[in-house]
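What follows is a single structure, written as structure tokens, with notes after it.
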Amino acid sequence: MAPVLHTEVRGQGGPRLVLVHGFTQTGRCWSPIDDDLARDHEVVLVDAPGHGGSSQVQAGVVRAARLLGRVGGRATYLGYSMGGRLALHLAVEQPELVERLVLIGASPGIERADERAARREADDRLATRLETIGLAAFLDEWLSQPLFAGLDERAAHRRERLRNTVEGLAASLRLAGTGTQPPLWHRLPELSMPVLLVAGSRDQKFRSQAERAGELIGKRASVAIIEGAGHAAHLERPDAFTTLVRDWLAQTPVRH
């Protein structure tokens, strides 16, 4: 029997939004965005494989996307970083489930085989580091990266991240890191649903990727840059992000 990802639901009605978090987070790390969106949407918070209530679920990117689709169903999917990669794979493989797609700081993959291999080795070393020093010290190192310099204490959700386990996060790194995922750049033109690509203005790598992805997707894509934000743009400037998403949802009809 296939494992089931842990979910929590906010809101009692309205269109369904499925929110998928990044590495070392849980579904609850969307606060305060989830509370705002739940005022008029059914918001489904998913714990990705290896994280939170799904810590014991081990899955690579492709299988994780299938598990996501099983609990999310037909909905608009919002994915950040690792969660964006899972949502993008779902949109490519099971487009009938993805009404609209919002990707925040998410990569369609690494195109060169040698660079993917190098990334797999780096993620394996990172997993070993986690197993060596433990979760709390690892989170301190993880959140001290320049990538997350714009997160204040509340936005970092460190206490919530401590709900994770060493075993779960290590498995996530080894099975579902960027180096393990099939690159999807060549499949972006297949996307038939509206797509919103979001990046922080200070996150140059993912800003460039968002702009390139938007060109490949074509007229169905919108690219939005959140000024003054880094990689976790939605958490650094939640009010700006929520306004952006609400405006886009209002202006972008669900495809049928």
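If you want the working numbering, it's the position in the sequence shown, counting the first as 1, plus 44.
Note that CB positions come from ideal geometry on N, CA and C, so glycine has one too.
In the three-state reduction of the DSSP assignment, L206 falls in the coil class. Taking 3 residues as the minimum length, the beta strand (DSSP E) runs contained wholly in the region 243-298 are 265-270, in order along the chain.
Nearest in C-alpha terms to R54, of all of A46, H65, E86 and G71, is E86.
For E143, the three-state secondary structure derived from DSSP is strand. With contacts defined as CB atoms closer than 8 Å, R246 and A273 qualify as a contacting pair.
Under the three-state reduction of DSSP, R163 is assigned to helix. DSSP, reduced to helix, strand and coil, places G153 outside both helices and strands of the structure shown, so it counts as coil. Inclusion of R218 and A171 in the CB contact set at 8 Å is warranted, their separation being smaller than that value.
With contact defined as three or more Cβ pairs closer than 8 Å, the region 75-90 and the region 101-110 are not in contact. Per DSSP, reduced to three states, the secondary structure at T70 is coil, with no helix or strand assignment. At the C-beta level, E204 and T70 come within 8 Å of one another.
Look at R54 here: in three-state DSSP terms it is strand.
Distance from the Cα of R251 is smallest, within the candidate group A150, L134 and M126, for A150. Boundaries of the alpha helix (DSSP H) around A180: L179 to L187.
For L61, the enclosing beta strand (DSSP E) covers residues R60 to V64. Fewer than three beta-carbon pairs drawn from the region 166-180 and the region 114-132 are found closer than 8 Å, and the two stretches are therefore not classed as touching. Nearest Cα to H65 within the set I270, H201, D158 and R264: H201. For R160 and Q56, the gap between their C-alpha atoms comes out near 42 Å. Nearest to L174 by C-alpha distance, out of W229, R83 and E211, is E211.
Per DSSP, G123 is one residue of the beta strand (DSSP E) stretching across A119 to Y124. In the DSSP assignment, L241 forms a beta bridge with L147 and V267.
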